[in-house]
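Notes to accompany the following structure.
Numbering (this note's numbering), first residue to last: 1 to 150.
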């Protein structure tokens, strides 16, 4: 089950990234062109938050199934920074990013004007995207690296 979860979590990150990039680009275009916030824009807002929440759920299950994390919880980060990264940094930053997506989605939904909706989505989703980019263990990451797809 662990290997399946790793693969699913690794694969699903691309949906999170793509949906956030689409949402941010739509918000950017809508904000600067004074466009109407359409049903399609609202669907993108909602679907992006849903995808992020699904990834969080997969990540939480993986966190408690991972032998890597079990080792970290028992012995700490004695064997290297990668244990600290996955045991604390990655999970905390990703949780914060998903909370930011959730707040941004909820706030954008409640704004009165279309421009405010786009602006709110742009700010909150961009911040979450930046945090996610930092917290992903990219193959080139100095913190902990993993292949693009496991």
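C-beta: ideal position from N, C-alpha, C; glycine also.
Nearest neighbour of residue i, chosen from the options [CA to CA]
i	options	result
residue 59	125, 95, 118	95
residue 132	84, 37, 118, 90	90
residue 100	127, 87, 117, 88	127
residue 8	31, 37, 44, 55	55
residue 24	117, 149, 10, 148	117
residue 105	76, 10, 121, 61	121
residue 66	37, 134, 107, 1	1
residue 107	125, 92, 93	125
residue 98	148, 39, 130, 140	130
residue 26	76, 92, 115, 139	115
residue 4	34, 38, 62	62
residue 103	34, 88, 30, 123	123
Whole-angstrom C-beta distance between residue j and residue i, which should lie under 8 Å
i	j	result
residue 119	residue 6	Not confirmed; about 37 Å, so no contact.
residue 45	residue 136	With a Cβ gap of about 22 Å, residue 45 and residue 136 do not count as contacting.
residue 64	residue 86	Wrong, their Cβ atoms sit about 13 Å apart, outside the cutoff.
Ordered list of alpha helix (DSSP H) runs contained in the stretch 5-57, each at least 4 residues
none
Taking contact to mean at least 3 C-beta pairs separated by less than 8 Å, is the stretch 108-126 in contact with the stretch 63-79?
no
Count Cβ pairs between the stretch 138-148 and the stretch 80-90 that sit closer than 8 Å; are there 3 or more?
yes
Closer than 8 Å is the cut-off here; do at least three beta carbon pairs connect the stretch 47-58 with the stretch 17-32?
yes
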